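Following: one structure in structure tokens, then a few remarks.
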Amino acid sequence: MLIYIYMMAITAEAMSGALAAGRRNMDIFGVAVVAFLTALGGGTVRDILLGNYPVNWTQHPLYIYLVLGGGLVTIIIARVMRHLHQLFLVLDAIGLVAFTVIGCNVALGLDYEPIVVLMSGITTGIFGGILRDLMCNRMPQVLRHELYASVSLVVAILYLFMLDLGVGENVTLLAAFSLGLLLRMAAIRWHLSLPVFRYSQEQWD
Amino acid sequence: MLIYIYMMAITAEAMSGALAAGRRNMDIFGVAVVAFLTALGGGTVRDILLGNYPVNWTQHPLYIYLVLGGGLVTIIIARVMRHLHQLFLVLDAIGLVAFTVIGCNVALGLDYEPIVVLMSGITTGIFGGILRDLMCNRMPQVLRHELYASVSLVVAILYLFMLDLGVGENVTLLAAFSLGLLLRMAAIRWHLSLPVFRYSQEQWD
Amino acid sequence: MLIYIYMMAITAEAMSGALAAGRRNMDIFGVAVVAFLTALGGGTVRDILLGNYPVNWTQHPLYIYLVLGGGLVTIIIARVMRHLHQLFLVLDAIGLVAFTVIGCNVALGLDYEPIVVLMSGITTGIFGGILRDLMCNRMPQVLRHELYASVSLVVAILYLFMLDLGVGENVTLLAAFSLGLLLRMAAIRWHLSLPVFRYSQEQWD
Chain X
10 MLIYIYMMAI TAEAMSGALA AGRRNMDIFG VAVVAFLTAL GGGTVRDILL GNYPVNWTQH
70 PLYIYLVLGG GLVTIIIARV MRHLHQLFLV LDAIGLVAFT VIGCNVALGL DYEPIVVLMS
130 GITTGIFGGI LRDLMCNRMP QVLRHELYAS VSLVVAILYL FMLDLGVGEN VTLLAAFSLG
190 LLLRMAAIRW HLSLPVFRYS QEQWD
Chain A
10 MLIYIYMMAI TAEAMSGALA AGRRNMDIFG VAVVAFLTAL GGGTVRDILL GNYPVNWTQH
70 PLYIYLVLGG GLVTIIIARV MRHLHQLFLV LDAIGLVAFT VIGCNVALGL DYEPIVVLMS
130 GITTGIFGGI LRDLMCNRMP QVLRHELYAS VSLVVAILYL FMLDLGVGEN VTLLAAFSLG
190 LLLRMAAIRW HLSLPVFRYS QEQWD
Chain Y
10 MLIYIYMMAI TAEAMSGALA AGRRNMDIFG VAVVAFLTAL GGGTVRDILL GNYPVNWTQH
70 PLYIYLVLGG GLVTIIIARV MRHLHQLFLV LDAIGLVAFT VIGCNVALGL DYEPIVVLMS
130 GITTGIFGGI LRDLMCNRMP QVLRHELYAS VSLVVAILYL FMLDLGVGEN VTLLAAFSLG
190 LLLRMAAIRW HLSLPVFRYS QEQWD
């Protein structure tokens, strides 16, 4: 089940990455690169950080085809996609939760400390977007936007907490997706965001 | 043979990286860092992605000296280099093919899937340039320029295809270098490029 | 002893990273990410390059808490910190030397070549700052600033040289910190910097 959600999520993330590349007038190769990094970059950074070799996608050519295909199809259907705005926000939120839960599971399977498990979940959830923004030469949006990374954090904490309590996998997943989607949709609807740290002092370091 | 071409290629790439650093008024340390990343960064990213430890250059101090030396010499001979424009375009094209073929070979030796072998070749070919551009705080040129990354892709496909057909290593290499150089030179001469994806819709994700 | 200096250093680096994030108006999550990358990013890059798994901080939750705590506390005490300008320059210089020495030790323990040991020291010393600047979408300051990276290089060379001569660990450390602090303070006081490479030729590669 989680695997199908994951495949849908990486395809949606790849399409969102392709649109970001299109905003920078990249060529179709650049679109493919950014789509790939947006969708699979978070999991790649996680695998490298945790020493979880071989890196996940290298063992699943299907993921690679989904992501490259999603990116390239976006070029053709970009006109239509702007009418699917709402749908993509939901798919993106589902993807954020799925990535977070999978990232936690990978670190749990390697017996890392709880704090590292949390960081593994968040890294999987948000690093694809960070790599996308680096490639587009802009500041990572996830570091100053509406609740996004913090949704990943809350989901990861809930997930670990319920597993620790011995709640079954299915109930835990249902709770994680429900809370994550609810929070993310509320953040978008009411423009909820974390407090911002403004510091205007001239740089001295 | 390929090893000598490789050493010439990393030196040329280091010199091109040093010029990019000079355009940003970096100090000589910055020049060395950018020269290193431009020349050896692609192979480093490949080794880390594939779990191919120890990373190649850590076992070959000669490569490190070539690259740092090439970068620093560039500071002295920069004036002369502008007259060698044509030569450097050819060296860069040779380097692109050499990096691609070597990247494919590394993944083949580790029994990765064909699609991962292709990606390993392209990553080795283009990621040095991506890291150079990230250090210079500009959008990676390889994602929207004249045919460059796509030359790497075509070379990698030809190379795998001929090896699969059982053609000898030497003939295959000759074909890869011929096609790659021809394509790249044609791209430069006639400003060939891939179609660009333009998407101006305000961002919503 | 070195371990306590290290913990003080990562906390100070995290605080400096947090200020950089504040200059970009990041939210508190972004502050935590940039603080973490500034303080522990250099060691992470080193561990990944050298294949030194598990990555250091994944085994030391205390480091993670110090760094995240330091980053978040900075938000509260930012006003006060501007009066501690001088103190932070000293802490940063101590951190640079500590990171360099520790980076050398890690590579020595894995039997890498001397040139790789030097690079491991410098990478540990400067890559946190490079990652911080990438996240803030600006050119890495360390590549064109006052003597900073070069202090790391000089310290690493001295350290290896004295170990090679058979000088005791304590004397060697004392010498490394003395020389490093002296050089760095002199660089700040008299605005010493490396020669800059200026190259204005239009890009042709």
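Residue numbers (my numbering), protein chains in the order written: chain X, 10 to 214; chain A, 10 to 214; chain Y, 10 to 214.
Glycine included, each C-beta is placed from N, C-alpha and C at the ideal position.
Bear in mind the structure is a predicted one, so any value in this text is a computation, not a measurement.
Hey, how far is the Cα of residue i from the Cα of residue j?
| i | j | result |
| --- | --- | --- |
| X:S159 | Y:F38 | 7 Å |
| X:L152 | Y:V42 | 8 Å |
| Y:Y15 | Y:A107 | 6 Å |
| X:I57 | X:I135 | 15 Å |
| X:N34 | Y:H69 | 44 Å |
| Y:L75 | Y:F97 | 16 Å |
| A:H94 | X:I166 | 56 Å |
| X:F186 | X:M171 | 13 Å |
| X:L117 | X:S161 | 17 Å |
| X:R88 | X:A30 | 15 Å |
| Y:W66 | A:V82 | 38 Å |
| X:Y208 | A:D101 | 44 Å |
| X:Y72 | A:G51 | 23 Å |
| Y:T133 | Y:F45 | 14 Å |
| Y:G175 | Y:L182 | 13 Å |
| X:A195 | X:V205 | 19 Å |
| X:R55 | Y:L143 | 19 Å |
| A:T47 | A:V99 | 17 Å |
| X:L179 | X:L191 | It should be noted that the sequence gives Asn, not Leu, for residue 179 of chain X. Rounded to whole angstroms, X:N179 to X:L191 spans 18 Å at the Cα level. |
| X:N61 | Y:I12 | 28 Å |
| A:V163 | Y:L28 | 46 Å |
| A:R32 | X:L188 | 50 Å |
| X:M148 | A:D173 | 44 Å |
| X:L77 | A:Y168 | 21 Å |
| A:I84 | Y:H154 | 17 Å |
| Y:I19 | Y:G104 | 7 Å |
| X:L127 | Y:A21 | 24 Å |
| A:P63 | Y:S129 | 14 Å |
| Y:L49 | Y:W199 | 30 Å |
| X:I86 | A:C145 | 34 Å |
| A:G138 | A:V110 | 17 Å |
| Y:G80 | A:D120 | 44 Å |
| X:E122 | Y:A23 | 21 Å |
| Y:V115 | X:H92 | 54 Å |
| X:V40 | X:G26 | 8 Å |
| X:R193 | X:L201 | 9 Å |
| A:V125 | A:L140 | 21 Å |
Counting only Cβ pairs nearer than 8 Å, list the residues of chain X close to residue i.
| i | result |
| --- | --- |
| A:R153 | R33, N34, M35, D36 and G39 |
| A:S25 | Neighbours of A:S25 on chain X: none; closest Cβ ~20 Å, over 8 Å. |
Looking at the secondary structure, which residues open and close the alpha helix (DSSP H) in which residue i lies?
| i | result |
| --- | --- |
| X:F206 | Here X:F206 belongs to no alpha helix (DSSP H), and DSSP marks it neither H nor E. |
| Y:L191 | E178 to R198 |
| A:R153 | From DSSP, A:R153 is part of no alpha helix (DSSP H); its letter is neither H nor E. |
| Y:Y13 | L11 to R32 |
| A:M35 | Taken as a continuous stretch (DSSP letters only), A:M35 belongs to no alpha helix (DSSP H), as it is neither H nor E. |
| Y:Y157 | It is not in any alpha helix (DSSP H) - Y:Y157 carries neither H nor E in the DSSP assignment. |
| A:M128 | P123 to M144 |
Interface residues of chain Y around residue i at Cβ under 9 Å?
| i | result |
| --- | --- |
| A:N146 | D142, L143, N146, R147, M148 and P149 |
Interface residues of chain Y around residue i at Cβ under 7 Å?
| i | result |
| --- | --- |
| A:L28 | Y208 |
For residue i, which residues in chain A fall below 7 Å Cβ to Cβ?
| i | result |
| --- | --- |
| X:V42 | L152 |
Could you list which residues in chain A have their beta carbon closer than 8 Å to that of residue i, in chain order?
| i | result |
| --- | --- |
| Y:V220 | It is not possible to answer for residue 220 of chain Y, since the shown part of chain Y is limited to 10 through 214. |
| Y:L203 | D36, I37 and F38 |
For a contact defined as C-beta to C-beta under 7 Å, what are the partners of residue i on chain X?
| i | result |
| --- | --- |
| A:A158 | F38 |
How about residue i: is its C-beta nearer than 8 Å to some C-beta of chain D?
| i | result |
| --- | --- |
| Y:V99 | No chain D appears in the structure shown, which is made up of the protein chains X, A and Y. |
Task: chain Y contacts made by the segment 59–93 of chain X, where a contact means CB separation under 8 Å - done: L59 and G60
Task: Runs of alpha helix (DSSP H) wholly within the segment 60–115 of chain Y (minimum 4 residues, chain order) - done: 70–90
TODO: Output, in sequence order along the chain, the residues in the segment 118–140 of chain A whose CB is closer than 7 Å to any CB in chain X.
DONE: Y121, E122, I124 and V125
Task: Under 8 Å (Cβ pairs) to chain X, residues found in the segment 46–58 of chain Y - done: T53 and I57
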